[in-house]
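Number 226 in numbering that gives the first Met the number 0 belongs to position 227 of the sequence shown; there are no gaps in the numbering.
Where is the CB? At the ideal position from N, CA and C, for every residue including glycine.
Since the structure is predicted, the reported quantities are computational estimates derived from the model, not experimental observations.
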Amino acid sequence: MRYGFVIDHRKCIGCHACTVACKSENEVPLGVFRTWVKYTEKGEFPNTRRFFTVERCNHCDNAPCIEICPTKALYRRPDGIVDFDASRCIGCKSCMQACPYDAIYIDPFTNTAAKCNYCAHRVDQNLLPACVVVCPAKAIIAGDIDDPASEIHQLISRENVSVRKPEQGTRPKLFYLGADDASLTPEALSWDNAYLWGEIRPDGRPKEAKQANEPLVGPGDTKVVYDVHHPKPWGWRVATYLWTKGIAAGALLIAAILLLFGWAGDRSTFDLAAPVLAIAFIVLTAIFLIADLK
C-alpha cells in the first residue's frame with residue numbers, strides 16, 4: 000500500500016479551496032502553508048495564459064528529509080505517508096534544506112518542522128484528505144497507487160503524468176496531469192518578485208514599484224505571479240558553526256599528526272594548546288547552533 004496524489008491541472012481553477020481547507024483541518028498558522036497554489040503566466044500579449052500549480056509534500060518513497068533528520072522526527076508510515084512527530088523535532092531545519100520541493104516549514108508557535116501529512120488522522124478513520132473533499136473541480140485525486148482498482152492507479156497507468164524534479168531520485172508520489180512543464184521546473188521560470196497584488200523582496204518585505212514603462216515579463220518568458228514566501232532554511236549561523244566545528248576537530252587532528260611524526264617540538268605546548276583551542280571552538284559551535292535552533 001502506498002498512498003499518493005494526482006493533481007489534474009486540466010480541471011484546477013486556482014481557487015485555493017485546498018489551501019484553506021488544509022489550514023482549517025490542520026490548524027496551520029498564518030504565514031506558512033502545507034499546500035498552496037502557484038500562478039505562472041506564459042506567452043506574449045495578447046496570446047498569454049495563466050497556469051495553476053498545486054504544490055505540497057510529495058511523500059517520496061526515497062525521502063531525503065527522513066534520511067537527514069537527526070532525531071527521526073520524520074518517518075514513513077506502512078501506508079507510504081511521510082509523517083512527522085513534532086515532539087521529537089529540535090528545529091534544526093535539516094529537513095527543510097534537504098527537501099527539493101520547499102514543502103517543509105517551521106511552525107511559528109511550536110518552532111518545530113511541519114508539512115502536509117496526507118491528513119493522516121483522517122486516513123486512519125477511512126476518510127479522504129480535506130483538500131480532496133473540498134476541491135470543487137475534483138482536481139485532486141488521492142488513493143493507493145498500488146491498488147489496480149483505485150482511480151489514482153488507473154490515472155497514472157493510463158495518462159501521461161509528470162513529477163517535479165525527477166532527477167533528484169526521490170521517487171515522489173505526487174503526480175501532475177496536464178501541467179505545464181515550465182510551471183514544474185524552477186529553472187524555466189522568471190522570478191522578479193513582481194506579484195499580483197504587491198512587490199516583495201527575497202526576504203518577504205515590500206519593495207519599490209517598477210517604472211510603468213518597464214515590462215514585467217519579456218516575450219516568451221514564463222513568469223511567477225503568485226507564490227508563497229519560502230525563506231532560506233539555513234543562514235550565516237549554520238555556515239559559521241560548520242566552520243567552527245571543523246576548526247575544533249582540525250586542531251586535535253593536526254596536533255596528533257605532528258606528535259606522530261615527531262614534529263611537535265615542545266610537547267607541553269601541544270598538550271595544552273590543542274585541547275584549549277578545540278574546546279574554545281566547540282563552545283563557539285554550540286553557541287551558534289543553539290542560536291540557530293527554533
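As assigned by DSSP and simplified to three states, the class of residue i
i: tyrosine 225; result: strand
i: leucine 29; result: coil
i: alanine 141; result: strand
i: alanine 102; result: coil
i: phenylalanine 4; result: strand
Cutoff 8 Å; reference residue i; Cβ partners in own chain excluding five residues on either side
i: alanine 119; result: Arg76, Ile80, Asp82
i: proline 107; result: Pro28, Gly30, Val31
i: arginine 295; result: What is shown of the chain runs 0 to 293, which leaves residue 295 out entirely.
Bounding residues of the beta strand (DSSP E) (the contiguous stretch that carries residue i)
i: leucine 73; result: 73-75
i: asparagine 46; result: 46-55
i: glutamate 43; result: 34-43
i: aspartate 82; result: 81-83
i: aspartate 180; result: Aspartate 180 -> not in any beta strand (DSSP E); alpha helix (DSSP H) instead, spanning 180-183.
i: isoleucine 89; result: First-last for isoleucine 89: undefined, no H or E at that position.
Outcome for residue i when other beta-carbon atoms lying within 10 angstroms are tallied against a minimum of 16
i: methionine 0; result: exposed
i: alanine 323; result: Past the edges of the chain, shown from 0 to 293, lies residue 323, and the structure says nothing about it.
i: isoleucine 289; result: exposed
i: valine 275; result: exposed
i: arginine 33; result: buried
i: arginine 55; result: buried
i: isoleucine 6; result: buried
Unbroken alpha helix (DSSP H) run spanning residue i, endpoints
i: glycine 249; result: 235-259
i: alanine 97; result: 93-97
i: leucine 154; result: 150-157
i: isoleucine 67; result: 63-67
Neighbourhood of residue i by C-beta distance below 6 Å, restricted to the same chain and skipping five residues each side
i: leucine 283; result: Thr243
i: isoleucine 298; result: One cannot answer for residue 298 here, as it falls past the ends of the chain, which runs 0 to 293.
i: proline 232; result: Lys92, Met95, Gln96
i: threonine 239; result: Phe287
Cβ neighbours of residue i in the same chain (closer than 7 Å, five flanking residues each side left out)
i: threonine 70; result: Arg87, Cys88, Ile89
Taking only runs that begin and end inside the region 104-136, name each unbroken alpha helix (DSSP H) of 4 or more residues, in chain order.
119-122, 129-133
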